[in-house]
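> Can you keep this structure in mind? I'll have questions shortly.
Shown next as structure tokens:
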């Protein structure tokens with residue numbers, strides 16, 4: 335194309351010279367004009383050819399983009415979900431491989447953002463007692479499992495970023511060892527594993543997102559709560575003389591010892607404590623604020639992210655309200 339451009343420039347300059355000097359329409363002018371016309375026409379066809387090649391390349395690149403979207407996107411979820419939500423677990427959970435003929439998007443085996451897909455080889459590498467764990471054992475052909483998938487999506491939206499909790503699913507058809515270990519007889523079967531001891535408890539409640547979120551909130555702490563501050567809240571709420579000292583201790587701990595969502599939620603604990611001081615709103619603040627936020631949520635009209643924020647605050651406020659009259663346990 336550089337050669338064509340050079341030729342056209344040369345011919346254009348020659349025609350301009352002929353015109354300026356007033357040459358008659360001679361054979362040379364005819365020849366030059368014909369050459370110009372031929373070169374221009376040839377250049378046009380070259381441009382069309384290059385355009386077609388470019389479109390083909392773009393199509394091929396778009397296929398690469400699909401791979402980047404399907405695989406890079408899904409793998410991005412794994413790195414994002416498990417790198418962000420679960421720290422070092424980015425290597426686990428390869429459900430939902432998009433366009434590679436993987437599981438259908440609506441099947442129980444498809445990837446859910448915020449949920450780890452584990453198997454016989456990876457389960458015990460991840461489940462070590464450092465977190466509360468909720469596991470769904472499913473079979474790909476199970477109709478009830480397919481129905482539960484949407485509920486699990488809702489659970490993950492509420493609790494997927496809870497630093498104290500791992501949400502997991504296991505294909506019990508392909509992982510007989512785990513199915514036998516946990517005594518799986520039907521599908522879906524949900525099992526809760528306690529942080530630390532890994533004591534197991536089969537969930538027998540309703541298979542709805544709301545019911546399971548409440549259940550896990552009682553076990554692992556709802557989104558918005560900080561497990562490590564529970565005793566400090568009890569001590570603060572029931573103290574008559576040392577609330578300032580407790581507030582100072584909690585504030586320093588949140589700033590220096592907590593990270594991630596615990597640091598964010600811990601900062602809200604500090605705010606509530608300050609408001610509950612006699613010199614501020616007083617001890618009734620937590621209950622009044624809990625009722626106010628619940629009214630706003632029930633009235634509707636809030637953006638989804640604001641609803642999630644308020645629900646997290648409600649969970650934290652419940653810790654303060656429920657702490658009244660509870661005996662502090664020394665650790």
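Numbering (this note's numbering), first residue to last: 335 to 665.
All C-beta atoms, glycine included, are put in the ideal place defined by N, C-alpha and C.
1) Where residue 656 and residue 621 are concerned, what is the direct C-alpha to C-alpha distance, given to the nearest angstrom?
2) Are residue 720 and residue 557 close, meaning C-beta to C-beta below 8 Å?
3) Looking at the secondary structure, which residues open and close the beta strand (DSSP E) in which residue 503 lies?
4) Please say whether residue 624 and residue 607 have beta carbons closer to each other than 8 Å?
5) Using the C-alpha atoms, what's the distance from residue 494 back to residue 447?
6) Alpha carbons only, please: which of 513, 562, 616, 654 is nearest the one belonging to residue 588?
7) Using a threshold of 8 Å, state whether the C-beta atoms of residue 469 and residue 525 are closer than that.
8) I need the straight-line Cα distance from residue 658 to residue 444, nearest angstrom please.
9) In this structure, does DSSP put residue 548 in helix, strand or coil?
10) What span of residues does the alpha helix (DSSP H) with residue 527 cover, start to end?
11) Give me, in chain order, the residues of the same chain whose beta-carbon lies closer than 7 Å to that of residue 465; leave out the 5 immediate sequence neighbours on both sides.
12) Distance, Cα to Cα, residue 572 vs residue 585?
13) With residue 504 and residue 453 assumed to form a contact (beta carbons below 8 Å), what rounded beta-carbon distance in angstroms separates them?
14) On the DSSP bridge assignment, give the partners of residue 472 in chain order.
15) Name the residue from 527, 543, 544 whose alpha carbon lies nearest to the alpha carbon of residue 536.
16) Are the beta-carbon atoms of residue 654 and residue 567 separated by less than 8 Å?
17) In chain order, what residues of the same chain lie with their CB nearer than 8 Å to the CB of residue 521, ignoring the 5 residues before and after it?
18) Please work out which residues of its chain come closer than 6 Å, Cβ to Cβ, to residue 532, disregarding the five sequence neighbours upstream and downstream, and give them in chain order.
19) Count the other CB atoms within 10 Å of the CB of residue 451; is the residue buried (16 or more) or exposed (fewer)?
20) Let me know the secondary structure DSSP gives residue 402 once reduced to three states.
Walking through what the data contain:
1) 10 Å
2) Any answer about residue 720 is impossible in this case: the structure gives the chain only from 335 up to 665.
3) 499-505
4) no
5) 8 Å
6) 562
7) yes
8) A straight-line Cα-Cα distance of about 44 Å links residue 658 and residue 444.
9) Helix.
10) That residue, residue 527, is in no alpha helix (DSSP H); its beta strand (DSSP E) goes 523-527.
11) 498, 499, 500, 529
12) Straight-line Cα distance between these residues: approximately 18 Å.
13) 7 Å
14) 505
15) 527
16) yes
17) 471, 472, 473, 476, 478, 479, 506
18) 463
19) buried
20) Annotation note: pLDDT 37 at residue 402 (below 50); position unreliable, no value reported.
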